[in-house]
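K.L.:
Numbering (the UniProt record's numbering), first residue to last: 1 to 520.
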Amino acid sequence: MGGWTIVGDSFKGGDVKLVTEHLIESSRKSNVDYGAEFLAENEHQYPPATEDEERRIIKKLDFILVPMLFFTATMGAVDKVSQGTAAIYGYIPDNNLTGSQYSWLGSILFLGSLVGMFPMSFFLQRFPLGKVLVTASLFWSSLTLLLCVGRSFAGLAAIRFLMGFVECAIVPGCTLVCGRFYSKGEIATRLAFVFAFASSVINGFLSWLVGYFHHSTVPAWKFLYILVGSISFLWGCLMWVYLPDSPLNAKFLTNQEKVYVVRRIIRKSNGGVQNNNWDWQQVKEAVLDSKTYVIFFFNIGINICNGGLSTFSSIIIFNLGFNAMKASLMGIPTGVIATLATIFFTFLCNKFNNKRCLIAIISLIPPVVGSAIIYAVDRSNVAPQLVGLYLLYFYFAPYVVMMSLAQANTSGNTKKSVTYSINYLGYCVGALIGPQTFRANQAPRYTGGFIALLCSFLICMMFAGIYWAICIWENSKKSRKYDENEVYSEKPVSRDEKEIDDEEYYDLSDSQRKHFRYTT
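#1: Go to A40, then tell me how far its alpha helix (DSSP H) extends in each direction, as first and last residue.
#2: If you drop the 5 nearest sequence neighbours on each side, which residues of the same chain put their C-beta closer than 6 Å to that of L453?
#3: Could you tell me whether any Cβ in chain D is nearer than 9 Å to the Cβ of Q436?
#4: Counting along the chain, where does the alpha helix (DSSP H) carrying R379 start and finish?
#5: Once the 5 residues before and after V194 are set aside, which same chain residues still bring their CB inside 7 Å of it?
#6: Does DSSP put S218 in a helix, in a strand, or in coil?
#7: Our contact map puts L61 next to G130 with C-beta atoms below 8 Å; I'd like the distance itself, whole angstroms only.
#8: Return the chain-ordered list of same chain residues with a C-beta closer than 7 Å to the C-beta of F110, the five sequence neighbours on each side being excluded.
#9: Taking only the alpha-carbon atoms, compute the straight-line gap between S121 and A250 and give it to the nearest angstrom.
#10: Could you give the distance in angstroms between the alpha-carbon of L147 and the alpha-carbon of L389?
#11: At what residue ranges does the stretch 98-181 contain a whole run of the alpha helix (DSSP H), taking only runs of 4 or more?
#12: Would S328 pass as a contact of T144 if the rule is Cβ separation under 9 Å?
#13: On the DSSP letters alone, give me the boundaries of the alpha helix (DSSP H) that A286 sits inside.
#14: Would you call E486 buried or exposed, if buried means 16 or more other Cβ atoms sit within 10 Å of its Cβ?
#15: Could you name the residues of the same chain whose beta carbon sits closer than 7 Å to that of Q442, not counting the 5 residues immediately before and after it, in chain order?
#16: With DSSP collapsed to three states, give me the class of Y242.
#17: Can you have a look at D378 and say buried or exposed, based on whether 16 or more other CB atoms are within 10 angstroms of its CB?
#18: Over what stretch of residues does the alpha helix (DSSP H) that includes L358 continue unbroken?
#19: Where does D62 sit, in a helix, a strand or coil, going by DSSP?
#20: Take K478 and list the residues in its own chain whose beta-carbon comes closer than 8 Å to its own, dropping the five residues that flank it on each side.
#21: Going by alpha carbons, who is nearest to V228 out of S103, A136, S199?
#22: Can you list, in chain order, the residues of its chain with a C-beta nearer than 6 Å to that of S404? Leave out the 5 residues immediately preceding and following it.
#23: Does the beta-carbon distance from L392 to P367 come in below 9 Å?
#24: Identify which residue in E54, Y225, M239, R445 has its Cα closest to the Cα of N203.
#25: Decide if Y212 is buried, meaning its Cβ has at least 16 other Cβ atoms within 10 Å, or exposed.
#26: Can you give me the start and stop residues for the alpha helix (DSSP H) that P333 sits inside?
#27: Ignore the nearest five residues each way along the sequence and tell me which others in F118's own chain have a CB closer than 7 Å to its CB.
#28: Using CA atoms only, rank isn't needed, just tell me which of A154, C168, R480, A157 is closest to A136.
#29: For the alpha helix (DSSP H) holding Y518, just list the boundary residues, first then last.
#30: Would you give the residue range spanned by the alpha helix (DSSP H) that P247 belongs to?
#31: Please tell me whether N299 and L138 are closer than 9 Å, where the distance is taken between their beta carbons.
#32: Measure the C-alpha to C-alpha separation of G236 and A376 and round it to an integer number of angstroms.
#33: Specify the secondary structure class of R28 as computed by DSSP and reduced to three states.
#34: State the DSSP-derived secondary structure class of P67, mapped to helix, strand or coil.
#35: Excluding sequence positions up to five away, which residues of its chain have a Cβ less than 6 Å from the Cβ of I170?
#36: Let's see if you can read the secondary structure: which residues bound the alpha helix (DSSP H) around Y427?
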């Protein structure tokens with residue numbers, strides 16, 4: 001019987017046709033990863049990649065894929081936060097909204113995400129990932145344009161709900177795409193750039209720009225939605241052609257580069273690249289995984305700040321005595337601060353191995369200080385109030401760090417989709433709660449809102465510590481169960497053997513992979 005051998009990063013001396021037949025036959029039983037099939041069919045054509053070639057490919061991904069995902073995610077976020085700046089241009093009186101109705105328009109988007117999360121999770125797993133993400137982008141940009149015709153709370157609420165239903169594809173979709181191109185150790189920094197808080201910068205600039213249209217017969221807030229929706233829609237049309245589902249159909253990669261990208265993901269991250277089958281066993285495992293729920297509750301806590309600030313940040317700055325155009329410009333630094341903080345702390349994650357939970361805890365200290373300053377300092381002291389507000393935006397760094405942990409610590413395509421759905425569920429719950437903590441009858445101090453933020457940050461520190469402890473315990477349990485010194489052998493592997501060499505070719509969950517260790 002012909003055999004095949006894995007030596008280092010390539011097949012040598014074996015029957016490649018037999019390997020391919022073995023994988024395709026096994027896929028009927030074991031859900032072979034599509035990347036593994038591609039690798040088996042093409043790997044023999046190219047020598048192993050050198051370090052210089054790997055660095056060149058990573059740089060190519062950084063300059064092409066990351067900007068694609070960055071702008072897709074950013075425009076979805078701009079659609080959401082533009083309500084805050086629309087409010088200072090007459091959005092509330094023009095639509096006959098009360099204070100509580102405005103708060104609910106901030107929350108109802110995330111209520112739509114709660115309803116849409118599991119259907120979108122299924123679509124992201126079952127259908128081409130890039131196409132699902134771009135389709136969602138085209139829908140939410142179209143709905144943003146429809147906000148211009150809103151005349152009442154009911155109409156605006158219906159549109160915002162539908163926006164939330166499709167926008168919930170952003171975080172899990174972009175995270176899944178990143179995970180198909182980058183290894184576990186690289187994912188944190190890339191997610192920091194993909195989810196960079198540029199929405200506040202773009203929204204602030206566009207809001208300042210529309211301020212010059214205040215003499216027009218069309219209200220400035222409508223011009224804002226027209227600009228945001230149009231830019232987002234045109235970008236979605238472009239991404240329909242170019243955004244890939246995985247390395248297998250990336251137009252910007254050569255066939256040799258695809259082989260190298262797939263090989264390093266399978267070998268270095270001990271995980272798969274793509275499989276569109278829906279595995280109910282992995283669904284069960286995701287639902288029963290304690291780590292999933294720790295991230296879920298962490299996301300609730302951290303996104304109370306997100307929901308509150310995205311809806312009320314511009315109003316808070318406006319209430320400090322700035323006019324609408326200046327308030328728009330004063331909101332730009334919030335995005336810069338959140339982005340720089342996220343890049344800095346994710347850089348630390350790459351520099352110090354297995355310290356992400358500790359780094360997340362440390363990065364929560366600035367927003368704790370910021371919420372304390374805003375609560376304690378009198379509102380007439382504008383400079384300290386602005387410092388406190390800007391420090392709150394450090395909250396985005398621990399959010400991205402913990403999301404990168406969820407990516408690094410989850411294997412299995414279906415399990416990833418379900419896990420991210422549950423994580424995003426926490427995001428939606430927290431963001432839904434956030435606007436409700438800022439009560440109209442407490443303006444302009446919003447005492448209850450800032451107390452809620454302070455408490456939520458402290459609770460998030462606790463959950464980051466719990467996640468850390470669980471990962472250490474599960475790694476210890478795996479080490480006791482499996483031989484830590486076992487390595488890939490160079491002996492021939494027959495078609496019927498169940499060696500560890502086969503493990504990397506199947507769509508297996510992290511608990512099923514005995515060499516998989518959780519990042520802390």
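Cβ atoms here follow ideal geometry from the backbone N, Cα and C, with glycine treated the same way.
Remember, it's a predicted structure, so these values are computed and weren't measured experimentally.
P.N.:
In brief:
#1: Start and end: 34-42.
#2: Same-chain partners within the cutoff: C305, S371.
#3: Included in the structure is just one protein chain, with no chain D present.
#4: Secondary structure note for R379: it is in no alpha helix (DSSP H), with a DSSP letter that is neither H nor E.
#5: Here the set comprises V66, L69, F70, A73, C174, C178.
#6: First, the residue type needs correcting, since residue 218 is Val and not Ser in the sequence shown. In the structure shown, V218 sits in coil (DSSP, three-state: anything other than H, G, I, E or B).
#7: Not confirmed; about 14 Å, so no contact.
#8: Closer than 7 Å at the Cβ level, and outside the excluded window around F110, lie G164, G307, C428, A431, L432.
#9: Each residue's alpha carbon lies about 22 Å from the other.
#10: Answer to the nearest angstrom: the Cα atoms are 28 Å apart.
#11: Within the stretch 98-181, the complete alpha helix (DSSP H) runs of at least 4 residues are 99-126, 129-146, 153-167, 170-179.
#12: Using a Cβ distance threshold of 9 Å, S328 and T144 do not count as a contacting pair.
#13: Start and end: 280-288.
#14: Reliability fails at E486, whose pLDDT of 45 lies under 50, so the model's placement of it is uncertain and the value that follows must be treated cautiously. Per the 10 Å Cβ criterion, exposed.
#15: For Q442, where only same-chain residues beyond five positions count, the Cβ hits under 7 Å are G448.
#16: In the three-state reduction of the DSSP assignment, Y242 falls in the helix class.
#17: Under the 10 Å beta carbon count, D378 is surrounded by fewer than 16 other beta carbons and is classified as exposed.
#18: Its alpha helix (DSSP H) spans residues 356-363.
#19: Taken through DSSP and simplified to helix, strand or coil, D62 comes out as helix.
#20: The answer, listed in chain order, is K514, F516, R517.
#21: Closest option to V228, Cα to Cα, is S199.
#22: The beta carbon of S404 is closer than 6 Å to those of I187, A188, L191 in its chain, skipping five residues each way along the sequence.
#23: A contact, by the Cβ cut-off of 9 Å.
#24: Measuring from the Cα of N203, the nearest candidate turns out to be Y225.
#25: Exposed, by the Cβ-count rule.
#26: First-last of the alpha helix (DSSP H) with P333: 332-351.
#27: Only S421 meet the Cβ criterion.
#28: For A136, the nearest C-alpha among the options comes from C168.
#29: From DSSP, Y518 is part of no alpha helix (DSSP H); its letter is neither H nor E.
#30: Here P247 belongs to no alpha helix (DSSP H), and DSSP marks it neither H nor E.
#31: When the beta-carbon positions are compared, N299 and L138 stay at least 9 Å from each other.
#32: Cα-Cα distance, rounded: 44 Å.
#33: Any reading at R28 needs caution, since the residue's pLDDT is 43, under 50, leaving its predicted position unreliable; the model's value is listed next. In the structure shown, R28 sits in a helix (DSSP, three-state: H, G or I).
#34: Judged by DSSP in its simplified three-state form, P67 adopts helix.
#35: Excluding positions up to five away in sequence, the list reads A73, G76.
#36: Counting along the chain, Y427 sits inside the alpha helix (DSSP H) bounded by residues 413-437.
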